[in-house]
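Participant: First the structure, then my questions, so here it is.
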Amino acid sequence: MAFATALRENRQPFVQAKLTIGRPNDKYEQEADAVADQVIKMPSNDRSGIQRKCAECEEEELQMKPLGRTISPIVQKQSSSTASVAPPNISQSLSKSKGSGRPLPQSTQNVMGRGIGADFSQVKVHTDDNAVQMNRQLNAKAFTNGSDIYFNQGQYNPQSSQGKHLLAHELTHVVQQRNTIQLYRNSGSWNFGEKDIPPTWVEQEFANPRDKTTKPWIKQIDINFTSTIKDSDGNDTQAGTIDIVYSKNGHELSDFSFSISGGSIQVGTTDRGTFKVHRIEGFGYNSGKYSDLSDKEGPRKRYSKAGKPANMHYAVFYNSGEALHIGPLNESSHGCVHVGVSDAAKMRQINYHSVIGLTKVKVTKP
Numbered sequence: 001m002a003f004a005t006a007l008r009e010n011r012q013p014f015v016q017a018k019l020t021i022g023r024p025n026d027k028y029e030q031e032a033d034a035v036a037d038q039v040i041k042m043p044s045n046d047r048s049g050i051q052r053k054c055a056e057c058e059e060e061e062l063q064m065k066p067l068g069r070t071i072s073p074i075v076q077k078q079s080s081s082t083a084s085v086a087p088p089n090i091s092q093s094l095s096k097s098k099g100s101g102r103p104l105p106q107s108t109q110n111v112m113g114r115g116i117g118a119d120f121s122q123v124k125v126h127t128d129d130n131a132v133q134m135n136r137q138l139n140a141k142a143f144t145n146g147s148d149i150y151f152n153q154g155q156y157n158p159q160s161s162q163g164k165h166l167l168a169h170e171l172t173h174v175v176q177q178r179n180t181i182q183l184y185r186n187s188g189s190w191n192f193g194e195k196d197i198p199p200t201w202v203e204q205e206f207a208n209p210r211d212k213t214t215k216p217w218i219k220q221i222d223i224n225f226t227s228t229i230k231d232s233d234g235n236d237t238q239a240g241t242i243d244i245v246y247s248k249n250g251h252e253l254s255d256f257s258f259s260i261s262g263g264s265i266q267v268g269t270t271d272r273g274t275f276k277v278h279r280i281e282g283f284g285y286n287s288g289k290y291s292d293l294s295d296k297e298g299p300r301k302r303y304s305k306a307g308k309p310a311n312m313h314y315a316v317f318y319n320s321g322e323a324l325h326i327g328p329l330n331e332s333s334h335g336c337v338h339v340g341v342s343d344a345a346k347m348r349q350i351n352y353h354s355v356i357g358l359t360k361v362k363v364t365k366p
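The numbers in the UniProt record's numbering rise by one with no breaks, and the one at position 155 of the sequence shown is 155.
Written as structure tokens, this is what we have:
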């Protein structure tokens, strides 16, 4: 925690649209520190740091808990105990910097993506004079604005322990801020709209709170495991039903139910509990283990090339690495919930209408 002590002396902010300076050490800063601590402790040759819930999602396990959902845009600053407005020139400097910066090296993307459970291929790092000047004005080591991270002089050093911690901290803020904007999937996401069937099924973006009253969205997903079946390998696999409940805003579709399966005692059971959707992937999404890299493309090589199979179509993540996705009902997952191929259209509907930070997922079992 030596670096956490240093942060109290030179607090790094994260910046969002309104550029309001908020209180230091709030829950988002605390979570960013906790996630960064976790990343630092991961051995370089360890892909997880903890026991996997789902081998199909093995690189998603360290995905942090969902945050904020509708948090106010803020900048963290060391000396303030109450919120205040950031200087106007900061906003102007940020606007001028858009489109500049450089991407993270692929090796750094891999390490941070694995540790935090997110795709950082679109993140841009700024270390120029403009970034240094803004940080000096904010008395910061680094701050985040959307997918852009601005570092003070000498602070961007992912090869050192402190530099890696600082970068992981700021990348956590990138994910926190995404979740306030990217509620359905973002239109820039890989394979966005790939399986649209106009006019009924068209993948869209979702802006909270406006679209809560203007678009269909799923309020709750109830996963009820009621029995155990023998899967194709003889494993004692959880089986049951899923109930989809829409928010009643005048634009809802009909609620529906169907059969699903989950994990097993032998391979890994699906957790019970109440969660919220924190990540949504599209058609063609894969685990990092069960398909050849040469057959993949897109962020972190996780999407199948045209004509190639995929093992996590339409994945909707709700509990760290546990997700709903298309998978064989007669084959145990490692903790995920399988939706049969015959219900692929229903899984697409769940994917299109689940909302990050709003859609609740409740898992019950005997």
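A virtual CB, placed ideally from N, CA and C, is assigned to each residue, including glycine. Bear in mind the structure is a predicted one, so any value in this text is a computation, not a measurement.
How would you call V355, buried or exposed, if buried means at least 16 neighbouring beta carbons within 10 angstroms?
Facilitator: The residue you call residue 355 lines up with position 355 of the sequence shown. V355 should be labelled buried.
Participant: Between the segment 211-222 and the segment 237-256, do three or more beta carbon pairs fall short of 8 Å?
Facilitator: Because the criterion of three Cβ pairs below 8 Å is met, the segment 211-222 and the segment 237-256 touch.
Participant: On the DSSP letters alone, give me the boundaries of the alpha helix (DSSP H) that A344 sits inside.
Facilitator: Residue 344 sits at position 344 when you count from the first residue of the sequence shown. Looking at the DSSP string, the run of the alpha helix (DSSP H) that includes A344 is 344-353.
Participant: Please classify S333 as buried or exposed, where buried requires at least 16 neighbouring CB atoms within 10 angstroms.
Facilitator: In the sequence shown, the residue the question calls residue 333 occupies position 333. The residue is buried, with at least 16 neighbouring Cβ atoms inside 10 Å.
Participant: Near residue 401, which residues of its chain fall below 6 Å by C-beta distance, leaving aside the five closest residues on each side in sequence?
Facilitator: In the structure as shown, the chain starts at 1 and stops at 366, and residue 401 therefore has no counterpart that could be examined.
Participant: Jot down the residue ranges of each uninterrupted beta strand (DSSP E) in the segment 110-164, minimum 3 residues, whole runs only, in chain order.
Facilitator: Counting only runs of 3 or more, we get 124-126, 142-145, 148-151.
Participant: What separation, rounded to the nearest whole angstrom, lies between the Cα atoms of D295 and S261?
Facilitator: Numbered from 1 along the sequence shown, position 295 holds the residue referred to as residue 295. Numbered from 1 along the sequence shown, position 261 holds the residue referred to as residue 261. If I take the Cα positions, the gap works out to 28 Å.
Participant: Between the segment 316-327 and the segment 144-152, can you find at least three pairs of beta-carbon atoms closer than 8 Å?
Facilitator: Result no; under three Cβ-Cβ pairs closer than 8 Å.
Participant: Quick check: Q266 and D236, are their CB atoms within less than 8 Å of each other?
Facilitator: Position 266 of the sequence shown, counted from the start, is the residue given in the question as residue 266. Position 236 of the sequence shown, counted from the start, is the residue given in the question as residue 236. A contact, by the Cβ cut-off of 8 Å.
Participant: Can you find at least 3 beta carbon pairs, one from the segment 94-112 and one from the segment 122-129, that sit closer than 8 Å?
Facilitator: A contact exists between the segment 94-112 and the segment 122-129.
Participant: Tell me which same chain residues have a C-beta within less than 7 Å of the C-beta of G250, skipping the five on either side of it?
Facilitator: In the sequence shown, counting from the first residue as 1, residue 250 sits at position 250. Cβ within range, chain order: n/a, list empty.
Participant: For the beta strand (DSSP E) containing S93, list its first residue and its last residue.
Facilitator: In the sequence shown, residue 93 corresponds to position 93, counting from 1. No beta strand (DSSP E) contains S93, which is instead part of the alpha helix (DSSP H) from 88-97.
Participant: Measuring alpha carbon to alpha carbon, tell me which residue in I40, V316, G284 is nearest P309.
Facilitator: The sequence position of residue 309 within the sequence shown is 309, counting from 1. The residue with the shortest Cα to Cα distance from P309 is G284.
Participant: Please list, in chain order, all residues of the same chain as G240 whose beta carbon is under 6 Å from its beta carbon, the five residues on each side excluded.
Facilitator: By 1-based counting over the sequence shown, the position of residue 240 is 240. For G240, where only same-chain residues beyond five positions count, the Cβ hits under 6 Å are N224, F225, T226.
Participant: Between the Cα of N145 and the Cα atoms of Q92, G263, D129, D211, which residue gives the shortest distance?
Facilitator: The sequence position of residue 145 within the sequence shown is 145, counting from 1. The candidate whose alpha carbon is nearest that of N145 is Q92.
Participant: Tell me the rounded alpha-carbon separation between V341 and F275.
Facilitator: Counted from its first residue, the sequence shown places residue 341 at position 341. Counted from its first residue, the sequence shown places residue 275 at position 275. Whole-angstrom Cα-Cα distance: 25 Å.
Participant: Considering Y246, what are the terminal residues of the beta strand (DSSP E) in which it resides?
Facilitator: The count along the sequence shown starts at 1 and reaches residue 246 at position 246. Y246 -> beta strand (DSSP E) spans 236-246.
Participant: Looking only at C-alpha atoms, which of G115, Q106, S97, S257 sits nearest to D129?
Facilitator: Working through the sequence shown from its first residue, we reach residue 129 at position 129. Nearest option by C-alpha distance: S97.
Participant: Please name the residue or residues paired with E297 in a DSSP beta bridge.
Facilitator: The count along the sequence shown starts at 1 and reaches residue 297 at position 297. DSSP lists Y303 as partners of E297.
Participant: Please say whether N191 and Y303 have beta carbons closer to each other than 8 Å?
Facilitator: For the purposes of this step, residue 303 is identified with residue 303 of the sequence shown, where counting begins at 1. For the purposes of this step, residue 191 is identified with residue 191 of the sequence shown, where counting begins at 1. Contact: yes.
Participant: Would you call T200 buried or exposed, if buried means 16 or more other Cβ atoms sit within 10 Å of its Cβ?
Facilitator: Against the sequence shown, residue 200 aligns to sequence position 200. Answer is exposed; the Cβ neighbour count stays below 16.
Participant: Can you have a look at P348 and say buried or exposed, based on whether 16 or more other CB atoms are within 10 angstroms of its CB?
Facilitator: Indexing the sequence shown from 1 puts residue 348 at position 348. Sequence check: residue 348 is Arg here, not Pro. With 16 or more other Cβ atoms within 10 Å, it is buried.
Participant: To the nearest angstrom, report how far apart S72 and R279 are at their CA atoms.
Facilitator: Here residue 72 corresponds to residue number 72 of the sequence shown, with the count starting at 1. Here residue 279 corresponds to residue number 279 of the sequence shown, with the count starting at 1. Below a pLDDT of 50, predicted positions are generally treated as unreliable, and S72, at 24, falls in that range; no measurement from the model is reported.
Participant: Throw me the rounded Cβ distance for the D263 and Q238 pair, which I believe falls under 8 Å.
Facilitator: Reading the sequence shown from its first residue, position 263 is the one you call residue 263. Reading the sequence shown from its first residue, position 238 is the one you call residue 238. Before going on, a small fix: residue 263 reads as Gly here, not Asp. Rounded, the Cβ-Cβ distance is 6 Å, consistent with contact.
Participant: Tell me, please, which residues DSSP counts as bridged to K360.
Facilitator: Counting from one through the sequence shown, the residue named residue 360 turns up at place 360. The partner list for K360 (beta bridge, DSSP) reads Q220, K276.
Participant: Can you tell which of A345, L171, G307, Q162 has its C-alpha closest to the C-alpha of V197?
Facilitator: Counted from its first residue, the sequence shown places residue 197 at position 197. The question names Val, yet the displayed sequence has Ile at residue 197. Measuring from the Cα of I197, the nearest candidate turns out to be A345.
Participant: Measuring only between beta-carbons, confirm whether S160 sits less than 8 Å from chain C.
Facilitator: Given the protein chain composition of this structure (a single chain), no chain C is represented.
Participant: Going by DSSP in three states, F225 sits in which element: helix, strand or coil?
Facilitator: Within the sequence shown, residue 225 is the residue found at index 225, counting from 1. Three-state result, F225: strand.
Participant: How about Q137 and P87: do their beta carbons lie closer than 8 Å?
Facilitator: Against the sequence shown, residue 137 aligns to sequence position 137. Against the sequence shown, residue 87 aligns to sequence position 87. Yes. Within cutoff.
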